[in-house]
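Residue numbers (the working numbering): 4 to 351.
All C-beta atoms, glycine included, are put in the ideal place defined by N, C-alpha and C.
Comments concern the structure below.
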Amino acid sequence: MMRGEWATPALIVNGLAFAANVTAMSRALPGAKLRPHVKAFKSTALAKQLAAAGHQSFTCATLAEMAGMIRAGLGHDLLLANETVNVNALSAVATLAAEHNARVTIAVDSPATVEAAAAAGIAEVLVDVNVGLPRCGASPERAPQVADLARDSGMTVRGVMGYEGHLMMVEPAGDRRDKVKASMEILAVAAAAIGGDVISAGGTGTYNIHAELGIATEVQAGSYTLMDTDYGQLGHPFVPALEVESTIISVTAAPANGTGWLVADAGLKAFGMDHGNPSWNHGDVWFCSDEHITLAPHEPDRWSVGDRIRLRPAHVDPTVAKHDEMIVERPDQTHEIWPVDLRGWTIQ
Ligand SMILES: Cc1ncc(COP(=O)(O)O)c(C=O)c1O
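Okay, structure coming up:
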């Protein structure tokens, strides 16, 4: 397949930029200090690159991601950093883990999630502690009871996790640091009460604060691998590595005193839009509809129907999850395909 021959919209990874991001993160958080979150890229081929860079433990958001990672031989140490009461799916993952000699740890934050994990034959859990994000996690006061319940149910409690997702984009950076420190102090108190040796937290927005604080034993970042325009605002040393290639399918020339526009074939079904519109280097994005993006080009005469353009997503995780594969471009003009094989919720 030559450049430009693939169907659009297509996910394109800049192989050099991806490698630079992996190197920058590995310098700050080498080896097991990083537990890359696979939900950002949903690809075992990409995860294998991270394992080769020294990060053998991974974070998952779904049991389907866990099952795919186990089947791909990436089951050295997998954490489901999410709650579930799906005993059938948990049992399927426990069985798969036993067959492949994989290690799985499940986050729990309530009696119901502890019961589900125990009923499914899960051996190890982490207690998810709420550190300020109104999402999952037991309150710091209740977390030790959840740990006791898990131990009484025969499971090993490896420690705690606490995701400070509400702090990823706090500006200025000094405020972000102070708030992350306060939330990690809450987690450290819970960790001391609960025991175990894992304190898992963090993401791409806060990885550098964790590297400095040293309270979390591991950081769950994933978006840094591919990056998006949202995280690009933070000034971290990660570069955009993911674009969506799209074909111009309609050109409307500017009337005498109006503005012309272009339409390309990548819309809401090609981009995760919760963090805003995609960006285009050569003009403004007006809006997206299901299968269209309408653009106002800086140089209207430059563009024709059939031209290919590239757009940067504002949020990498849901963007990747809409595609079947990533096309990785190498500097020598060769390409590699990384299937997005961890999509969906069904365990095959
Ligand atoms: C539980 C959990 N940990 C870590 C992350 C961090 O991921 P990112 O690299 O996108 O900041 C997320 C993202 O939403 C998450 O839900």
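Q: Could you round the C-beta distance between D231 and V319 to whole angstroms and report it? I think they count as a contact, below 8 Å.
A: Translated into positions along the sequence shown, residue 231 becomes position 228. Translated into positions along the sequence shown, residue 319 becomes position 316. Indeed, because the Cβ distance is near 4 Å, the residues count as touching under 8 Å.
(Q) Can you tell me which residues fall inside 5 Å of ligand 1, judged by beta-carbon distance to its nearest heavy atom, and keep chain order? (A) So the residues near ligand 1 by this Cβ test are H40, A84, Y166, G206, T207, Q223, A224, G225 and S226.
Q.
Between which two residues does the alpha helix (DSSP H) holding E102 run?
A. Counting from 1 along the sequence shown, the entry for residue 102 is found at position 99. Boundaries of the alpha helix (DSSP H) around E102: V90 to H103.
Q | V96 versus E248, R74, A20 and A146, residue with shortest Cα-Cα distance | A | In the sequence shown, residue 96 corresponds to position 93, counting from 1. The shortest C-alpha to C-alpha distance from V96 to any of E248, R74, A20 and A146 is the one to R74.
**Q.** Contained beta strand (DSSP E) runs [length at least 3] in the region 131-218, N- to C-terminal order
**A.** Listed in chain order, they are 159-165 and 201-204.
Q.
Considering only their Cβ atoms, is the gap separating G208 from L190 smaller than 7 Å?
A. On the sequence shown, residue 190 is found 187 positions in, with the first residue counted as 1. On the sequence shown, residue 208 is found 205 positions in, with the first residue counted as 1. No.
Q) Skipping 5 residues on each side, what residues in its chain have a beta carbon closer than 7 Å to that of K184? A) Working through the sequence shown from its first residue, we reach residue 184 at position 181. Excluding five sequence positions before and after K184, the CB atoms of its chain that fall closer than 7 Å to its own CB belong to L216, given in chain order.
Q: Following the continuous beta strand (DSSP E) through I109, name the residue where it begins and the one where it ends.
A: Sequence index remark: in the sequence shown, residue 109 carries index 106 (1-based). From DSSP, the beta strand (DSSP E) with I109 extends over V107 to V111.
Q) So, is N284 buried or exposed, given that buried needs 16 or more other C-beta atoms within 10 angstroms? A) Locating residue 284 in the sequence shown gives position 281, where the first residue counts as 1. The residue is exposed, with fewer than 16 neighbouring Cβ atoms inside 10 Å.
Q: Quick one: grab the DSSP three-state call for V343.
A: Reading the sequence shown from its first residue, position 340 is the one you call residue 343. If DSSP states are grouped into helix, strand and coil, V343 belongs with coil.
Q: Sort out for me which residues DSSP pairs G286 with in a bridge.
A: Taking the first residue of the sequence shown as 1, we reach residue 286 at position 283. Paired residue(s): W283 and P300.
Q. In the DSSP assignment, what residue or residues form a beta bridge with A13?
A. For this step, residue 13 is matched to residue 10 along the sequence shown. Paired residues: E248.
Q. Does ligand 2 have even one heavy atom less than 6 Å from the beta-carbon of H318?
A. Annotation note on ligand 2: not contained in the displayed structure, which lists ligand 1 as its ligands.
Q.
In the DSSP output, which residue or residues are listed as bridge partners for F44?
A. Taking the first residue of the sequence shown as 1, we reach residue 44 at position 41. In the DSSP output, where bridge partners are listed per residue, F44 has none listed.
Q. Under a three-way DSSP split, which group does I330 fall into?
A. As a working note, residue 330 is residue 327 in the sequence shown. In the structure shown, the three-state DSSP call for I330 is strand.
(Q) Please report the distance separating the alpha-carbon of V149 from that of P175. (A) Position 146 of the sequence shown, counted from the start, is the residue given in the question as residue 149. Position 172 of the sequence shown, counted from the start, is the residue given in the question as residue 175. Rounded to the nearest whole angstrom, the CA to CA distance from V149 to P175 is 36 Å.
**Q.** Bridge partners - H338, DSSP secondary structure assignment
**A.** Taking the first residue of the sequence shown as 1, we reach residue 338 at position 335. Residue pairing for H338: DSSP places it in a beta bridge opposite E332.
Q) So, helix, strand or coil for A241, using DSSP? A) Position 238 of the sequence shown, counting from 1, holds the residue named residue 241. The sequence given here places Phe at residue 241; Ala does not occur at that position. F241 sits in coil when the DSSP states are folded into three classes, being neither helix nor strand.
Q.
Here's the rule I'm using: 16 or more other beta-carbon atoms within 10 Å means buried, otherwise exposed. How should T349 be labelled?
A. Indexing the sequence shown from 1 puts residue 349 at position 346. It counts as exposed.
Q: Identify, in the order they occur along the chain, each residue of the same chain with its Cβ nearer than 6 Å to the Cβ of P240, setting aside the five sequence neighbours on each side.
A: Counting from 1 along the sequence shown, the entry for residue 240 is found at position 237. Cβ neighbours of P240 beyond the five flanking positions: A27.
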